[in-house]
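Going down the list, the protein sequences come from chains W and E. In this text, residue positions in the first sequence follow full-length UniProt numbering: the first is 1, and each later residue adds one. In this text, residue positions in the second sequence follow full-length UniProt numbering: the first is 1, and each later residue adds one. Written below as structure tokens is the structure these notes are about.
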Amino acid sequence: RMVGKSGFVGRAHPYRNKPFPFDLTLAQEAFPPTKEMEEADVKMTEEVLAAATALEPTDKERAEMGEFVTKVKQILDKILTTTDAEYLPAVVLEQYVEVGSYKKDTMLRGHRIADIVVVTKSMPTFEAVASIGQKMCDELSDGSGVVSMVSRDFGLILTKKEDKVRILVSTQQSNTDGLEKDLHLPLEMISKNQAAIYHAKRFECFSTTPEIRPLIRVFKAMRRRFPGLEPINIWAFESLIQYSLITTPTGYPLAAGPAFKRVLSMLSAGIFLPGSSGLGDPVDARFRLCDQLGFDEMDKACSTAQTLLRILCQGGIAVLLGQADKIPDISVEVTELNDICIAPLEKAFEPEEKKEGEEVPMESASA
Amino acid sequence: MYGYHGYTPGQSTTYTTSAVAAAVAAAYSGSTNPPQQPPNVFGYPGASTFPAGIDGNGGATSNAYYAYGYGAPGAPPVPSPYSNIGAGAGYASLSDLSYAAKGRAPYGATAPKPNPALTTLTTANKPISSYGSTYDAAVYAAASNMLNKGPGRTFPAKKPNPFAFAPSNQNPSGPPAPTHKYGTGKRWGIGATANTHRDAQQFYCEVCKISCAGQLTYKEHLEGKLHKKKEALAKGEGVQALPRSKVSFRCDLCNVTCTGKDTYDAHVRGSKHQRTLALCKKLGKPIPAGEPTIIAPAEMGGTVPPPVAAATAAATTGGKIPTIGAAVASKKIAPVHFIGGSSLETTKQTKDLEAKKAVVAAAVGSAGVDGGEGEEGEKKEVEYDLSALLAAENNVKPVGENYVETERDANGKHVTYVCKLCDCKFSDINAKDIHLKGRRHRLMYKQKVDPSLEVEMKPNTLREKRAARAKKEMGGGGRIRGPPGMMGPGALPGGYMPPPLARFAPAQQPRPYFDSHRYMETEDDRHIMAKHASLFPNEAELKEMEDIVQSLEKGLKGLSDHFETTKPKAEDGGERLLRGAMRIGVLSKGLFLKGEEEVELVALFADPPTKKMMEESIEEMKKFIEVPDFSMEMVEDEAAVMFTVKDKLPRVKLYFTSTVLRQDDASVIEKPTDILREEKCLHALAELRHSKWFQVRCTGLQSCQVVLRILRDVSRRIGTYKKLSPWTMELIVEKVISSVGVPIPVGDALRRFFEAIATGILFESGPGVSDPCERDAGNVLSVLSPQDKENITSSAQHALRLMAFGKIHKILGMDKLAPAVSPTSERKRPREEENCEATDGDAKKDKPDDEVEKKEGEGEEEKTSEDTVEKVVNVKMETN
């Protein structure tokens with residue numbers, strides 16, 4: 001679902017004029033950091049980086065994935081450059097771009113999936129996609145193992161043992177008007193795949209700060225561990241982490257520890273809540289990163305982050321990084337740390353009331 | 001400053017809060033401050049913090065609403081290291097002045113110790129009320145006067161008098177006569193006056209009404225931009241824009257069109273007009289009547305007439321040739337007015353401006369309906385409109401004169417007027433008068449002082465255009481826009497693949513997003529202000545409080561006098577035993593809420609206060625208090641006296657303290673055996689410093705006081721927040737709001753407070769909040785237990801999300817307000833009105849009932865949800 005529930009159409013965005021949420025890092029004049037804070041930050045940086053290292057894929061994983069991806073790319077190159085019309089009939093490719101966590105080098109250990117976006121010149125029919133997949137399987141299956149193919153609405157998945165390569169299909173912009181349901185891939189998926197290209201390109205600029213990759217790994221793992229954070233997609237996390245790292249009063253990027261805390265603080269301060277200025281999408285300034293979240297998801301994500309932040313501030317970083325013996329379900333359980341009870345938060349958003357809110361303007365419109 | 005102002009050099013400025021408040025009150029309120037109030041003795045910052053209570057106009061609540069804009073606009077909330085209270089000297093001098101201005105005898109009979117820093121400040125910040133320049137200033141002025149005059153007599157003047165060297169001008173080809181040869185030049189000037197007249201005439205420009213010193217200058221003038229422009233205007237080429245809905249006034253002599261009577265008056269008083277007038281008189285040119293020509297607004301067909309004299313000049317001379325001897329014999333010629341495009345000849349000169357206005361109105365009436373072929377009714381209407389406009393012109397009364405302060409520079413000569421409301425300066429009294437009547441000033445006044453003031457709408461062409469465009473689009477109706485989203489299914493075809501705009505777009509910090517003129521009140525603001533109005537004490541309550549406090553203050557004054565006569569003075573300073581009494585806490589900070597039960601005062605003694613002293617004080621004060629049925633009890637634990645008036649609230653708690661206790665050598669001084677509890681005395685001293693800090697940092701901070709009042713109410717209702725002491729709350733709120741860097745509306749300010757707490761600033765791992773009023777600057781949060789911090793944080797986190805999802809009423813403990821009617825839908829369009837009239841009666845009957853029902857329903861529902869919230873909070877507290 002790409003349509004934002006809180007999106008506003010055609011008008012200037014009402015939240016553009018809102019103040020940026022309170023950000024301790026930018027309010028250092030009012031709240032000067034103490035020595036204890038700096039010491040704690042150093043410690044936290046060590047812990048976060050250690051956790052991130054544990055999340056990196058092993059060398060074996062990297063090597064196997066690399067081999068597979070290289071082969072897939074060779075085939076794609078062949079399709080692109082071949083002059084033989086019979087090689088892959090009815091499919092013309094424009095380009096292919098590596099995207100996703102494999103390209104960004106933010107893969108988690110055990111997550112053996114690489115993504116490649118294929119941009120077609122011809123219309124992206126399901127048959128065309130399937131024929132690409134079939135060709136791949138034929139070409140790739142050799143002595144080293146059998147490659148299987150599964151079609152999906154975003155394209156297809158090539159599988160070789162444990163490794164997977166997702167071929168995401170996009171198309172030229174001129175083709176998008178002629179897309180038909182049940183015949184071609186849905187526009188929704190195509191635009192999502194296209195966005196992945198922009199994200200991958202944009203990420204190259206992000207990676208100038210070396211701390212970003214460990215932090216992304218840590219937050220990806222946290223997102224799996226605490227389901228409340230799931231509504232926030234990876235791209236939103238990446239952008240928020242990047243923002244937290246580089247936006248400082250001094251201009252020097254933060255260390256991993258304080259940036260880790262800052263991301264949670266920003267989420268807790270409601271950067272993705274309605275009525276906040278929010279964070280603009282780095283690849284499209286017209287939209288905010290939180291535009292695609294529903295109100296309930298915003299509430300859930302924010303309250304989860306708030307609880308996590310309180311756990312962090314009470315010295316419970318092990319819980320967040322998954323090193324504690326038992327990971328509590330923070331949405332319902334009371335966490336006890338150092339004799340302090342950290343209670344879960346209640347919902348602030350109730351969908352019934354929203355329906356009421358919708359009715360009112362309708363009434364007034366009909367009156 | 002009642003004699004206690006120099007007792008210890010380092011601290012002399014610290015304990016002057018109430019005096020500062022009085023000074024602020026005096027400076028701001030001017031006439032609105034009732035004279036019977038003794039602002040100086042026990043200054044109460046009435047006017048600055050409780051405007052509603054002091055000036056009676058407008059509803060108490062609505063006035064209070066805008067109280068937060070008051071402050072000291074001269075001191076913007078620049079975040080600075082909180083090292084000390086700072087700016088003490090400046091404030092001390094301010095209070096000094098207020099006392100001087102009021103001409104009151106100092107409380108203590110002893111004169112304040114001379115302080116050089118203070119004296120210089122005194123001369124610099126002279127308030128309006130004390131006009132007489134000080135001796136220093138007078139001496140300086142006299143000296144500078146001497147210096148200015150001196151060289152003029154002994155050395156050649158640097159500026160040649162244009163008339164003085166007139167003879168050389170007659171020979172333009174010759175070398176210019178060196179000025180210094182002629183010595184002072186004054187004598188030459190006298191000798192040359194005979195020539196002056198002729199030259200002036202010779203090089204007189206009819207169009208611009210100026211005379212030039214010589215051929216060359218005259219030529220230059222003719223080629224100049226200014227002249228060209230005026231010439232074009234005179235020929236009717238360029239059309240001068242006129243205000244659309246306002247009457248313009250025109251000075252025929254100088255060909256100047258002014259948009260208001262004031263501007264016209266200012267022009268007439270101005271030097272340029274006077275010079276032109278003098279010149280014209282000298283040359284015998286026709287001088288138009290003293291009254292202005294009145295031009296109808298542009299929308300009624302008014303145009304700028306061609307200048308009278310220029311027209312004739314252009315006709316006779318072609319405008320370019322100097323008119324030698326073209327003087328018109330008669331000096332008084334009836335002016336010819338060109339109004340509204342048609343010429344109207346007033347045969348006799350109307351001296352009376354009012355009469356003239358009527359004539360003009362009639363003339364415009366006839367002009368406006370296109371040559372008189374329109375019906376009588378229409379004509380009358382136009383006539384009425386114009387006279388209404390003229391009346392409006394006269395009716396614009398200057399407002400907020402007391403917000404304009406007069407400042408003098410060091411030598412007391414140069415006067416600057418500073419408008420505190422609009423934050424602008426004038427060096428000219430005319431400019432000040434015009435500003436006071438101006439629209440911008442009135443808007444600021446309406447916004448900050450009196451919301452009931454009516455400010456005329458500026459005709460907004462942009463808005464009209466937008467409305468027209470919107471209408472057109474509605475009518476077209478063909479274009480359906482797709483929903484947003486990165487590349488949503490319904491997105492515009494052209495914008496399917498957005499260009500990779502490689503930029504974050506967060507609103508960076510000091511962006512002026514809060515434009516007070518355009519700002520639309522949000523739902524949060526509405527709820528907060530509605531709640532605030534219900535919390536703010538009404539006038540009667542304020543008066544009652546004021547009466548009670550003042551009666552006690554009278555008692556204190558009597559007590560001070562009593563000590564003065566009975567106790568032997570200390571050898572060193574000769575200070576009074578009771579140095580003064582000051583208001584602290586809610587009273588000085590202006591955070592007094594409805595139904596407040598207790599307010600606090602501090603009596604400051606020269607010696608450590610003892611039990612004996614307190615007993616004696618109570619007995620003595622009782623003699624001076626005139627209120628019937630009061631009681632005074634000693635609360636020894638608190639080192640205070642509780643003053644209660646029967647059946648009245650609030651009670652007043654009067655702390656006894658002395659600064660001796662907080663001196664560096666406090667341990668050395670001998671303490672009486674029956675000394676009151678020292679920690680309480682020190683606490684009272686700290687409260688004094690807090691009040692002072694509050695005056696400096698919070699009073700001028702937009703939204704700060706409103707948010708604090710709201711939070712006081714929240715902590716009254718919700719137990720979790722009670723743990724956060726008022727002082728801690730004030731510190732956090734001030735830091736949170738001032739860290740934005742720009743003024744923010746109340747809704748955003750409250751939200752930002754919750755945001756800050758939600759990000760965990762209270763925790764041990766956070767930055768802490770240092771106390772700016774203590775020497776060791778300890779962390780004020782250290783008194784909170786870790787579990788308290790946890791509870792407050794989680795509560796704030798919930799509150800923040802409630803606010804985000806439009807449930808601020810749950811935090812404020814009130815019913816949800818009905819959605820505001822947007823101003824666009826409220827305004828009726830002219831065509832709709834016609835249709836509505838027929839059914840109006842029925843519609844009116846139906847509507848209110850519906851609304852009432854709806855409101856009741858909502859109220860019940862909200863109440864139940866509120867109950868659940870409270871339950872939840874209680875449950876939470878139990879589990880914790």
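Backbone N, C-alpha and C fix where the C-beta goes; we use that ideal spot for every residue, glycine too. In this text, all values refer to a predicted model and were calculated from it rather than measured experimentally.
Return no unless some Cβ of chain E is closer than 8 Å to the Cβ of W:Gln306. Residue contact check for W:Gln306 against chain E: a CB pair falls below 8 Å.
Proximity below 8 Å, CB of E:Ser738 to CB of W:Ala269: no
Please go through the stretch 110-196 of chain W and give each complete beta strand (DSSP E) segment of 3 or more residues, from N-terminal end onward. 113-120, 148-152, 155-160, 163-171
If contacts are defined as beta-carbon pairs under 8 Å, then E:Met613 and E:Val641 qualify, I think. What distance do you get, rounded to the angstrom? That belief does not hold up - the Cβ atoms of E:Met613 and E:Val641 are roughly 11 Å apart, past 8 Å.
Verify the CB distance criterion: does E:Gln274 have a CB-CB separation below 8 Å to chain W? Chain W contact via Cβ: absent.
Would you verify that the beta carbon of E:Pro743 is, or is not, closer than 8 Å to some beta carbon of chain W? no
Assess contact between the stretch 574-588 of chain E and the stretch 599-614 of chain E, defined as three or more Cβ pairs (one per stretch) separated by less than 8 Å. Is contact present? Contact holds: three or more Cβ-Cβ distances are below 8 Å.
Spatial distance of W:Cys341 from W:Leu245 (CA atoms): 31 Å
Between E:Lys425 and W:Ala348, is the Cβ-Cβ spacing less than 8 Å? no
Under a CB-based cut-off of 8 Å, is E:Leu587 close to chain W? no
Helix, strand or coil at E:Asn402 according to DSSP, with G and I counted as helix: helix
For E:Leu578, does the three-state DSSP call read helix, strand or coil? strand
Outcome for W:Leu80 when other beta-carbon atoms lying within 10 angstroms are tallied against a minimum of 16: exposed
Within 8 Å of chain W by C-beta, residues of the stretch 790-802 of chain E in sequence order: Glu790, Thr793, Ser794, Gln797, His798, Leu800, Arg801, Leu802
Could you check whether the Cβ of W:Leu345 sits closer than 8 Å to any Cβ belonging to chain E? yes
Please name the residue in W:Leu88, W:Ile317, W:Pro214, W:Val165 whose C-alpha comes closest to that of W:Tyr102. W:Val165
Considering only C-alpha positions, which residue in the set E:Glu600, E:His441, E:Ile811, E:Ala777 is nearest to E:Ala639? E:Glu600
Within 10 angstroms of the Cβ of E:Arg717, are there 16 or more other Cβ atoms? Answer buried if so, exposed if not. exposed
Quick one: is W:Ile317 buried, meaning 16 or more other Cβ sit within 10 Å of its Cβ, or exposed? buried
Could you round the C-beta distance between W:Val99 and W:Ala40 to whole angstroms and report it? I think they count as a contact, below 8 Å. That belief does not hold up - the Cβ atoms of W:Val99 and W:Ala40 are roughly 37 Å apart, past 8 Å.
So which residues on chain E does W:Leu215 lean against when the C-beta distance must stay under 8 Å? Neighbours of W:Leu215 on chain E: none; closest Cβ ~17 Å, over 8 Å.
Let me know the secondary structure DSSP gives E:Gln274 once reduced to three states. helix
According to DSSP, is W:Glu204 helix, strand or coil? Shown here, W:Glu204 sits in a helix according to DSSP, grouped into three states.
Taking E:Gly585 as the reference, which of E:Arg712, E:Ser551, E:Arg440 has the closest Cα? E:Arg712
Cutoff 8 Å: E:Arg752 Cβ touching any chain W Cβ: yes
What residues in the stretch 259-270 of chain W have a beta carbon less than 7 Å from any beta carbon of chain E? Ser265, Ser268, Ala269, Gly270
DSSP beta-bridge partners of W:Asp281: W:Asp284
Quick one: is W:Gln314 near chain E, going by C-beta distance under 8 Å? yes
Kindly list the residues whose CB is nearer than 6 Å to the CB of E:Lys828, restricted to its own chain and excluding five residues on each side of it in sequence; keep chain order. With a pLDDT of 47 at E:Lys828, under the threshold of 50, the predicted position of this residue should be treated as unreliable, though the coordinate-derived value follows. Nothing meets the Cβ criterion.
Nearest-angstrom Cα separation, counted from E:Ile761 out to E:Leu542: 36 Å
Name the chain W residues whose beta carbon is nearer than 9 Å to that of E:Gln787? Neighbours of E:Gln787 across chain W, judged by C-beta separation under 9 Å: Asp339, Ile340, Cys341.
If we define contact as Cβ-Cβ less than 8 Å, is E:Phe763 a contact residue for chain W? Using a Cβ-Cβ cut-off of 8 Å, E:Phe763 counts as an interface residue toward chain W, since at least one Cβ of chain W sits closer than that to its own.
Output, in chain order, the set of chain E residues within a Cβ distance shorter than 7 Å of W:Phe22. Val736, Arg752, Glu755, Ala756, Thr759
Could you tell me which residues DSSP puts in a beta bridge with E:Lys543? Per DSSP, E:Lys543 has no beta-bridge partner at all.
With 8 Å as the threshold, decide whether the Cβ of E:Pro772 is near any Cβ in chain W. no
Interface partners of W:Thr34 on chain E, CB under 7 Å: Pro767, Gly768
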